[in-house]
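Chemist: Below: one structure in structure tokens.
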Amino acid sequence: MNRFVLPLAAFVLLLVVLLVGLKRAPDKNNLPSPLIGKPVPQFTLPNLFDTTQPLSSEALKGHWSLVNVWGTWCVECRAEHAALLQIKQEARVPIIGIDWKDQDEDALTWLAQLGNPYERVGTDHEGRVAIDWGVYGAPESFLINPSGTVVYKHIGAMTSQVWQREFLPRVSATIGKPVMPGVPASAPAAAGPGA
Amino acid sequence: MVVELGHYALILALMLAAAQAFFGLAGPALKRERWLAVVPSAACGQFVFVALAVGVLVHAFVNNDFSVRYVAETSNSVLPLFYRVTALWGAHEGSMLLWILVLSLWTMALVANMRHLPPSFAARALGVLGIISCCFLLFTLATSNPFVRLIPAAPDGNDLNPVLQDPAFAVHPPILYMGYVGFSVSFALACAAMIEGRRDQLWAHWMRPWTVMAWAFLACGIALGSWWAYYELGWGGFWFWDPVENASFMPWLVGTALIHSLAVTDKRGLFKSWTLLLAVTAFSLSLLGTFLVRSGVLVSVHSFAADPSRGIFILVLLVLMIGGALGLYAWRAPLMKSAAGFDFLSRESFLLFNNILLTIAAAVVFGGTLAPLIADTLGLGTLSVGPPYFNPSFLVPILPMLSLVALGMHARWRRGRLGEARRPLLLALGVSLVLALALSLGVYGHPFKLTPVGATVGFWIILSALIDPVDRLRRRLSLPASVAGMSIAHIGLGIFVLGITFVQSNTIERDIALKPGESAPVGAYRFRYDGGQDIVGPNYEGFRGKVSITRNGEPVSVLYPEKRRYWVQGTVQTTAAIAPAFNRDLLAALGEDVGAGAWSLRLQYRPLIRFVWVGALIMAIGGVTAVVGRRQRGLVASGVALPLATTAPGGIREQGGAP
Chain A
1 MNRFVLPLAA
11 FVLLLVVLLV
21 GLKRAPDKNN
31 LPSPLIGKPV
41 PQFTLPNLFD
51 TTQPLSSEAL
61 KGHWSLVNVW
71 GTWCVECRAE
81 HAALLQIKQE
91 ARVPIIGIDW
101 KDQDEDALTW
111 LAQLGNPYER
121 VGTDHEGRVA
131 IDWGVYGAPE
141 SFLINPSGTV
151 VYKHIGAMTS
161 QVWQREFLPR
171 VSATIGKPVM
181 PGVPASAPAA
191 AGPGA
Chain B
196 MVVELGHYAL
206 ILALMLAAAQ
216 AFFGLAGPAL
226 KRERWLAVVP
236 SAACGQFVFV
246 ALAVGVLVHA
256 FVNNDFSVRY
266 VAETSNSVLP
276 LFYRVTALWG
286 AHEGSMLLWI
296 LVLSLWTMAL
306 VANMRHLPPS
316 FAARALGVLG
326 IISCCFLLFT
336 LATSNPFVRL
346 IPAAPDGNDL
356 NPVLQDPAFA
366 VHPPILYMGY
376 VGFSVSFALA
386 CAAMIEGRRD
396 QLWAHWMRPW
406 TVMAWAFLAC
416 GIALGSWWAY
426 YELGWGGFWF
436 WDPVENASFM
446 PWLVGTALIH
456 SLAVTDKRGL
466 FKSWTLLLAV
476 TAFSLSLLGT
486 FLVRSGVLVS
496 VHSFAADPSR
506 GIFILVLLVL
516 MIGGALGLYA
526 WRAPLMKSAA
536 GFDFLSRESF
546 LLFNNILLTI
556 AAAVVFGGTL
566 APLIADTLGL
576 GTLSVGPPYF
586 NPSFLVPILP
596 MLSLVALGMH
606 ARWRRGRLGE
616 ARRPLLLALG
626 VSLVLALALS
636 LGVYGHPFKL
646 TPVGATVGFW
656 IILSALIDPV
666 DRLRRRLSLP
676 ASVAGMSIAH
686 IGLGIFVLGI
696 TFVQSNTIER
706 DIALKPGESA
716 PVGAYRFRYD
726 GGQDIVGPNY
736 EGFRGKVSIT
746 RNGEPVSVLY
756 PEKRRYWVQG
766 TVQTTAAIAP
776 AFNRDLLAAL
786 GEDVGAGAWS
796 LRLQYRPLIR
806 FVWVGALIMA
816 IGGVTAVVGR
826 RQRGLVASGV
836 ALPLATTAPG
846 GIREQGGAP
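Chains as they are written, first to last, in this note's numbering: chain A, 1 to 195; chain B, 196 to 854.
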């Protein structure tokens, strides 16, 4: 072998590294959120629909819930809206919205026009709560189990495929039947990241 | 409808790029004279259609056409017109289009100058450029089409990232791309030389001006980016060793090595295969940078919306382009024997050291950039590599390299004697030592041991770069553009070294909370916070503080740092206020409102920071001077008139090109 082949050999080696990096890139994006397996960050936010009744992290306890971070300024949120409405119709898990860095009037208009998939919506005007949740950009969706532990996080638009593939199995695995808000589920956080 | 025309124009450009590639490479191979004539026309046509596509996208931005997904994602109707135009390269899809536009601009430049080259050689080089263009057009159309519609159309757009709403953003990406896409011409010429199996070194002569121009653009682009980060990000730093910064810095380092190695190949016929390898590597690193930024394999502040499916596509293209070129190299480079020798302390040796050390420096950056990826591959867990690795490791090859610059400039070709340059060089070294000690101990005063060393090296480079021009002026000789260019570039390097040395050693930073009327000392200066007021801009609202600076009771400057909240994305943006001067910058940035009228403030004093960017700019000016001067003297016109040094006499200590 002559020395002129060495650069090519080095390049092949580099390719292997890049290929492995690329294979792992999706995990990096759908980041192993440090929150997974941990209790949800404490928060209290103004309620979009009823300013006298703030939305707090306590509201996530006692039942499965889907926390969806969105904003009317977000193009992808428009794209995922139909999927959220559909999930709501199945009524398996209540959707709690966190309206991120948005104006209340815009948000109310948006929900009036496109339909409201949310059980409750907290308005995070300053984006402080989103920081605690480690939100990079909207939309992001979190699956919370009845003990208030973050089980799964999805970055980007929610689709019915993602819901069927990633979220639903985690919910069904522990309880095996639909859960409505207010029905205390006895199963603890068995569907953590290790599951 | 107009938008679909843009999409269509891009498809036509792809067809023409394919024609350019096919006829450019097949024509000379099959000896079809008439096929050669097609190549420049295809290149021109491609440029026209790419420009048309860009024009269409600009039109969509200017008219707020939010039915175009890309426009809806990166623009907004309240965005000022100027930023609506620059939003074109505000995200991945549009910046790919810019990449392609810049590539076709360089292709046009080659077409305009191809009469100086043998027709078949020029056709091959254009053919290689055609392949590159094909790859990127295909990639853009298949995975990153900026013309995709959004149905139903968004009522308004998502706005341009506030960090990008800055005049520097109008020029930084285009100039940076001019730089690293510019290395595609050197790459294409190297490939053409290898395909032809040329045994002479004329290709090196042809390649020199292209390389220097690309290198100069890249220097400007990097400096602009660094300056922009400095004032816009409000952190006061100018270089963060971020993967994306490194992606532009590595081709620049290799490009610097290439310029010097080209000089040896052109003048003396040595280092041929090494020079070819550098030409291939410089552009390969640009391509690799593109991959790293856009595939999401590395995490960076600059990252574009990452999409692994794009990553695999670019990876395939990398295999095609880089793998192809390196395969060609493995096959053809053994033909390129260099049969001349040189003494140990000749200019060739110094340029060899320059090359080795710059390559090591590039390797250090490369290693640090890819370390997280490699650690991940080997299952060593997550690793993050930052300035604590880069700063010292980079100095190891760079400090010796810089110390040799003064000697290398004055060493003779072939012979290992400094001759008459020895006395002025030693004198310059002595003067530099005195200046450096005076400055580092007297004016700035700091315990770092490396400060006087860095300062001495900086001064020595500047002074020794002046020896030749001063000598020529004294003897009333003309100053050839190549000598002037080299001197200017090295003076720029010296200024840059001085800047870095003192900024790194003598910066003072304070983070402190101040109430209106309170003040804090920063070095010899006193910063007083005078309160502030709420402000409203075209698409943001915010708070503007007032900071008065005095020195020994004398007013120096008043700064107005801002904190802005952009309405559409709700992003909070800190805009630092800077009082610049020749010898120092004073900076104030607003932190948080800590209540009771008090704000946390970041206050900084940075000596000689302007030298860093001015030095880079002067280096680029030096490069351009050399190229423009060479053109005017018509040397570029025909390499045929050049003395061929392939059989130069001298020692026979060195055989073969690659060190």
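By construction, the Cβ of each residue, glycine as well, lies at the ideal position given by its N, Cα and C atoms. Just so it is clear, the structure is predicted and the values come from calculations on it, not from any experiment.
Kindly indicate which three-state DSSP category residue 38 of chain A falls into: helix, strand or coil?
Modeler: What you label residue 38 of chain A is simply residue 38 of the first sequence in a count that begins at 1. In the structure shown, residue 38 of chain A sits in coil (DSSP, three-state: anything other than H, G, I, E or B).
Chemist: Check the DSSP bridge columns for residue 794 of chain B and list the partner residues they point to.
Modeler: Taking the first residue of the second sequence as 1, we reach residue 794 of chain B at position 599. Partner(s): B/709 and B/788.
Chemist: Going by C-alpha distance, which of B/258, B/609 and B/739 is nearest residue 547 of chain B?
Modeler: Taking the second sequence and counting its residues from 1, one reaches residue 547 of chain B at position 352. Closest option to residue 547 of chain B, Cα to Cα, is B/609.
Chemist: By the three-class DSSP mapping on this structure, what secondary structure does residue 770 of chain B have?
Modeler: The sequence position of residue 770 of chain B within the second sequence is 575, counting from 1. The answer is strand: DSSP assigns residue 770 of chain B an E or B state.
Chemist: When the distance is taken between beta carbons, is residue 818 of chain B closer than 9 Å to residue 417 of chain B?
Modeler: Reading the second sequence from its first residue, position 222 is the one you call residue 417 of chain B. Reading the second sequence from its first residue, position 623 is the one you call residue 818 of chain B. Cβ distance not < 9 Å, so residue 417 of chain B and residue 818 of chain B don't count as in contact.
Chemist: Looking at the unbroken beta strand (DSSP E) that takes in residue 760 of chain B, where does it start and where does it end?
Modeler: Here residue 760 of chain B refers to the residue found at position 565 when the second sequence is read from its first residue. Looking at the DSSP string, the run of the beta strand (DSSP E) that includes residue 760 of chain B is 757 to 761.
Chemist: Using 9 Å as the threshold, is the C-beta distance between residue 353 of chain B and residue 267 of chain B below it?
Modeler: Within the second sequence, the letter at position 158 stands for residue 353 of chain B. Within the second sequence, the letter at position 72 stands for residue 267 of chain B. Contact: yes.
Chemist: For residue 434 of chain B, which three-state DSSP category applies?
Modeler: Within the second sequence, the letter at position 239 stands for residue 434 of chain B. Residue 434 of chain B falls in the coil class under three-state DSSP.
Chemist: For residue 753 of chain B, collect the residues of the same chain with a Cβ closer than 6 Å to its Cβ; drop the 5 residues on either side in sequence, then sort them by chain order.
Modeler: To locate residue 753 of chain B, count along the second sequence from 1; it is residue 558. Correct list, in chain order: 743.
Chemist: For residue 289 of chain B and residue 508 of chain B, I'd like the C-alpha separation in whole angstroms.
Modeler: Numbered from 1 along the second sequence, position 94 holds the residue referred to as residue 289 of chain B. Numbered from 1 along the second sequence, position 313 holds the residue referred to as residue 508 of chain B. Spanning the two alpha carbons is a distance of roughly 17 Å.
Chemist: Counting only Cβ pairs nearer than 7 Å, list the residues of chain B close to residue 108 of chain A.
Modeler: Here the question's residue 108 of chain A lines up with position 108 in the first sequence. The contacting residues do not exist; residue 108 of chain A stays about 15 Å from chain B at best.
Chemist: Would you kindly check if the distance between the Cβ of residue 379 of chain B and the Cβ of residue 481 of chain B is under 9 Å?
Modeler: Taking the first residue of the second sequence as position 1, residue 481 of chain B is located at position 286. Taking the first residue of the second sequence as position 1, residue 379 of chain B is located at position 184. Yes, Cβ-Cβ distance for residue 481 of chain B and residue 379 of chain B is below 9 Å.
Chemist: State yes or no: is the C-beta of residue 595 of chain B within less than 9 Å of the C-beta of residue 552 of chain B?
Modeler: Numbered from its first residue, the second sequence carries residue 595 of chain B at position 400. Numbered from its first residue, the second sequence carries residue 552 of chain B at position 357. Yes, the Cβ-Cβ distance between residue 595 of chain B and residue 552 of chain B is below 9 Å.
Chemist: If you check the beta carbons only, do residue 271 of chain B and residue 351 of chain B fall under 9 Å apart?
Modeler: Sequence index remark: in the second sequence, residue 271 of chain B carries index 76 (1-based). Sequence index remark: in the second sequence, residue 351 of chain B carries index 156 (1-based). Yes, these two residues count as a Cβ contact at 9 Å.
Chemist: Figure out for me which residue from A/138, A/20 and A/127 has the closest Cα to the Cα of residue 81 of chain A.
Modeler: Along the first sequence, one-based indexing puts residue 81 of chain A at 81. When each option's Cα is compared against that of residue 81 of chain A, the closest is A/138.
Chemist: Residues in its own chain within less than 8 Å of residue 3 of chain A by CB, not counting five upstream and five downstream?
Modeler: Here the question's residue 3 of chain A lines up with position 3 in the first sequence. Excluding residues within five positions, none has a Cβ falling inside 8 Å.
Chemist: Can you list, in chain order, the residues of its chain with a C-beta nearer than 6 Å to that of residue 405 of chain B? Leave out the 5 residues immediately preceding and following it.
Modeler: Position 210 of the second sequence, counted from the start, is the residue given in the question as residue 405 of chain B. These residues qualify, in order along the chain: 380 and 381.
Chemist: Buried or exposed for residue 734 of chain B, going by 16 or more other Cβ atoms inside 10 Å?
Modeler: One-based indexing of the second sequence puts residue 734 of chain B at position 539. That one is buried.
Chemist: Quick one: Cα of residue 624 of chain B to Cα of residue 357 of chain B, how far?
Modeler: As a position in the second sequence, residue 624 of chain B is number 429, starting the count at 1. As a position in the second sequence, residue 357 of chain B is number 162, starting the count at 1. Roughly 48 Å between the two C-alpha positions.
Chemist: Should residue 124 of chain A be listed as close to the ligand FMN, given that the test is whether its C-beta is under 8 Å from any heavy atom?
Modeler: Inclusion of the ligand FMN in the displayed structure is not the case, the ligand content being empty and no account of it being possible.
Chemist: Determine which residues share a DSSP beta bridge with residue 749 of chain B and list them.
Modeler: Taking the first residue of the second sequence as 1, we reach residue 749 of chain B at position 554. DSSP lists B/746 as partners of residue 749 of chain B.
Chemist: Could you check the C-alpha separation between residue 525 of chain B and residue 386 of chain B for me, to the nearest Å?
Modeler: The sequence position of residue 525 of chain B within the second sequence is 330, counting from 1. The sequence position of residue 386 of chain B within the second sequence is 191, counting from 1. C-alpha separation (whole angstroms): 12 Å.
Chemist: Could you check if residue 101 of chain A is buried or exposed, using at least 16 other CB atoms within 10 Å of its CB as the buried criterion?
Modeler: Position 101 of the first sequence, counted from the first residue, corresponds to residue 101 of chain A. The residue in question, residue 101 of chain A, is buried, as its Cβ has 16 or more Cβ neighbours within 10 Å.
Chemist: Is it buried or exposed, residue 691 of chain B, if we count other Cβ atoms within 10 angstroms and call 16 or more buried?
Modeler: The residue labelled residue 691 of chain B in the question sits at position 496 within the second sequence. Buried, because 16 or more other Cβ atoms sit within 10 Å of the Cβ of residue 691 of chain B.
Chemist: Can you tell me whether residue 425 of chain B is buried or exposed, with buried defined as 16 or more other CB within 10 angstroms of its CB?
Modeler: Locating residue 425 of chain B in the second sequence gives position 230, counting from the first residue. So residue 425 of chain B ends up on the buried side.
Chemist: Pull up the distance between the alpha-carbon of residue 331 of chain B and that of residue 208 of chain B, whole angstroms please.
Modeler: As a position in the second sequence, residue 331 of chain B is number 136, starting the count at 1. As a position in the second sequence, residue 208 of chain B is number 13, starting the count at 1. Rounded to the nearest angstrom, the two C-alpha atoms are 11 Å apart.
Chemist: Enumerate, from N- to C-terminal direction, the unbroken alpha helix (DSSP H) stretches of 4 or more residues contained entirely within the stretch 50 to 105 of chain A.
Modeler: 75 to 90
Chemist: Using beta carbons (cut-off 9 Å, strictly below), is residue 43 of chain A in contact with chain B?
Modeler: Taking the first residue of the first sequence as 1, we reach residue 43 of chain A at position 43. Not closer than 9 Å to any Cβ of chain B, the Cβ of residue 43 of chain A fails to qualify, so no.
Chemist: Taking the continuous alpha helix (DSSP H) assigned at residue 571 of chain B, which residues delimit it?
Modeler: On the second sequence, residue 571 of chain B is found 376 positions in, with the first residue counted as 1. Residue 571 of chain B -> alpha helix (DSSP H) spans 542 to 572.
Chemist: With a threshold of 8 Å on Cβ separation, who are the neighbours of residue 16 of chain A within its own chain once the five nearest residues in sequence on each side are excluded?
Modeler: Along the first sequence, read from residue 1 onward, the residue named residue 16 of chain A stands at position 16. Annotation for residue 16 of chain A: no residue places its beta carbon closer than 8 Å to its own, counting only its chain and skipping 5 residues before and after.
Chemist: By the criterion of Cβ-Cβ separation under 8 Å, what are the contact partners of residue 757 of chain B in chain A?
Modeler: As a first step, residue 757 of chain B must be located in the second sequence, where it is residue number 562. Near residue 757 of chain B there are no residues of chain A at all, since even the closest Cβ is about 18 Å away, more than 8 Å.
Chemist: Taking only the alpha-carbon atoms, compute the straight-line gap between residue 125 of chain A and residue 44 of chain A and give it to the nearest angstrom.
Modeler: Counting from 1 along the first sequence, the entry for residue 125 of chain A is found at position 125. Counting from 1 along the first sequence, the entry for residue 44 of chain A is found at position 44. Taking the straight line from one Cα to the other gives about 12 Å.
Chemist: Give me the subset of the stretch 657 to 672 of chain B whose CB atoms are less than 8 Å from a CB atom of chain A, sorted by chain position.
Modeler: none
Chemist: Can you give the beta carbon distance from residue 523 of chain B to residue 373 of chain B, rounded, assuming they're within the 8 Å contact cut?
Modeler: As a first step, residue 523 of chain B must be located in the second sequence, where it is residue number 328. As a first step, residue 373 of chain B must be located in the second sequence, where it is residue number 178. Between residue 523 of chain B and residue 373 of chain B the beta-carbon gap is near 26 Å, outside 8 Å, which marks them as no contact.
Chemist: Could you give the distance in angstroms between the alpha-carbon of residue 563 of chain B and the alpha-carbon of residue 585 of chain B?
Modeler: Residue numbering aside, residue 563 of chain B sits at position 368 when the second sequence is read from its first letter. Residue numbering aside, residue 585 of chain B sits at position 390 when the second sequence is read from its first letter. Using only the alpha carbons, I get a separation of about 7 Å.
Chemist: If you run the structure through DSSP and keep just helix, strand and coil, what is residue 467 of chain B?
Modeler: To locate residue 467 of chain B, count along the second sequence from 1; it is residue 272. DSSP places residue 467 of chain B in helix when its eight states are reduced to three.
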